[in-house]
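Just add 112 to the spot in the sequence shown (first one is 1) and you have this note's numbering. Quick reminder that beta carbons are idealized off the backbone N, C-alpha and C, glycines included.
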Amino acid sequence: MNPALRHEYLAALGLQSWVSRGTPAPCEAAVAPEPVIAREPVIAREPVIPGDSGAGREAGVDWPELRARVAACTRCTLCNTRTQTVFGVGNPKADWLIVGEAPGAEEDRQGEPFVGRAGQLLNSMLRAIGLAREQVYIANILKCRPPGNRDPTAAEAAECLPYLEQQIALLRPKVMLAVGRIAAQNLLRTEVTLGRLRQQVHRFGHSQVPLVVTYHPAYLLRTPTDKRKAWEDLKFAREVCARV
Ligand code: SF4
Numbered sequence: 113m114n115p116a117l118r119h120e121y122l123a124a125l126g127l128q129s130w131v132s133r134g135t136p137a138p139c140e141a142a143v144a145p146e147p148v149i150a151r152e153p154v155i156a157r158e159p160v161i162p163g164d165s166g167a168g169r170e171a172g173v174d175w176p177e178l179r180a181r182v183a184a185c186t187r188c189t190l191c192n193t194r195t196q197t198v199f200g201v202g203n204p205k206a207d208w209l210i211v212g213e214a215p216g217a218e219e220d221r222q223g224e225p226f227v228g229r230a231g232q233l234l235n236s237m238l239r240a241i242g243l244a245r246e247q248v249y250i251a252n253i254l255k256c257r258p259p260g261n262r263d264p265t266a267a268e269a270a271e272c273l274p275y276l277e278q279q280i281a282l283l284r285p286k287v288m289l290a291v292g293r294i295a296a297q298n299l300l301r302t303e304v305t306l307g308r309l310r311q312q313v314h315r316f317g318h319s320q321v322p323l324v325v326t327y328h329p330a331y332l333l334r335t336p337t338d339k340r341k342a343w344e345d346l347k348f349a350r351e352v353c354a355r356v
């Protein structure tokens, strides 16, 4: 990435810029040694994360069919209060899959995940590692907004997760980035804190997709002092992606 542009993006994150020693392309060139990643990825040996109901291996479901199924879904009561479903957006051949928890008010209105200020910060975070929003795929565990932006219930997450599994089966990403505690804990079926889930390579589903955890941009807007940690997580994920 152009150093001036990189500086600009990092500044947008509220972070001091590193001095670039190269111009790595997304993912493939992520092994470039700048900035130095202090810690080697720890490939989780065990336990293998379950995260796969088998729905992702359903034959004959393509993107249009899956989108239509989600749009018509009434599996949980969130269908009664949504404006529309929020299926996901991005490159259907992306190496990166970004997963959040659920649509908020603005996402519910626009039908697209990660819009508004949190979405803009996510875009800046991605650009800081050389990725345009259009290069990745972005989705949530829940496709419908929980009223009042409350946390999803376990039952709602269980009902909706098969759709994400089907998206993963179609996408076949090299790396998943779970943003926020709710997304991470639901995907990994754990109650371990986000702080302890960071900086590790977890595995998701039947295809054992590498999964890295970081903070939700909405949290980072409230707690900008943790942006530095998020930046470390993104670099970590980039290195994981480059090794796949
Ligand atoms: S949240 Fe998911 S399972 Fe519930 S109605 Fe919406 S699409 Fe269906």
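Backbone CA spacing between residue i and residue j [nearest angstrom]
{"i": "residue 294", "j": "residue 206", "result": "23 Å"}
{"i": "residue 227", "j": "residue 235", "result": "9 Å"}
{"i": "residue 127", "j": "residue 332", "result": "12 Å"}
{"i": "residue 181", "j": "residue 199", "result": "10 Å"}
{"i": "residue 360", "j": "residue 302", "result": "This structure leaves residue 360 out entirely; the chain is present only between 113 and 356."}
{"i": "residue 176", "j": "residue 280", "result": "14 Å"}
{"i": "residue 356", "j": "residue 203", "result": "19 Å"}
{"i": "residue 261", "j": "residue 336", "result": "21 Å"}
{"i": "residue 320", "j": "residue 259", "result": "33 Å"}
{"i": "residue 233", "j": "residue 186", "result": "32 Å"}
{"i": "residue 178", "j": "residue 278", "result": "8 Å"}
{"i": "residue 174", "j": "residue 193", "result": "27 Å"}
{"i": "residue 252", "j": "residue 354", "result": "24 Å"}
{"i": "residue 239", "j": "residue 248", "result": "11 Å"}
{"i": "residue 243", "j": "residue 282", "result": "21 Å"}
{"i": "residue 210", "j": "residue 265", "result": "21 Å"}
{"i": "residue 307", "j": "residue 172", "result": "39 Å"}
{"i": "residue 222", "j": "residue 315", "result": "31 Å"}
Nearest residue (CA-CA) to residue i, options the options
{"i": "residue 284", "options": "343, 190, 208", "result": "208"}
{"i": "residue 263", "options": "187, 214, 271", "result": "214"}
{"i": "residue 339", "options": "280, 237, 251, 222", "result": "237"}
{"i": "residue 254", "options": "356, 216, 244", "result": "216"}
{"i": "residue 273", "options": "296, 202, 259, 324", "result": "296"}
{"i": "residue 325", "options": "319, 174, 258, 309", "result": "309"}
{"i": "residue 313", "options": "172, 322, 233", "result": "322"}
{"i": "residue 269", "options": "190, 174, 349", "result": "190"}
{"i": "residue 183", "options": "256, 239, 252, 311", "result": "256"}
{"i": "residue 344", "options": "334, 311, 315", "result": "311"}
Beta-carbon gap between residue i and residue j smaller than 7 Å
{"i": "residue 276", "j": "residue 290", "result": "no"}
{"i": "residue 111", "j": "residue 197", "result": "Nothing can be reported for residue 111: it is not among the residues displayed for the chain, which extend from 113 to 356."}
{"i": "residue 352", "j": "residue 304", "result": "no"}
{"i": "residue 218", "j": "residue 201", "result": "no"}
{"i": "residue 271", "j": "residue 188", "result": "yes"}
Rounded distance between the beta-carbons of residue j and residue i, thought under 8 Å
{"i": "residue 230", "j": "residue 330", "result": "4 Å"}
{"i": "residue 346", "j": "residue 241", "result": "5 Å"}
{"i": "residue 212", "j": "residue 292", "result": "6 Å"}
{"i": "residue 349", "j": "residue 327", "result": "So it is not a contact: roughly 12 Å between Cβ atoms."}
Contact test: residue i Cβ vs ligand 3 heavy atom, cutoff 6 Å
{"i": "residue 274", "result": "Of the ligands this structure carries, namely ligand 1, none is ligand 3."}
In chain order, what residues have a CB nearer than 7 Å to some heavy atom of ligand 1? 182, 185, 186, 187, 188, 190, 191, 194, 197, 254, 255, 256, 268, 271, 272, 275
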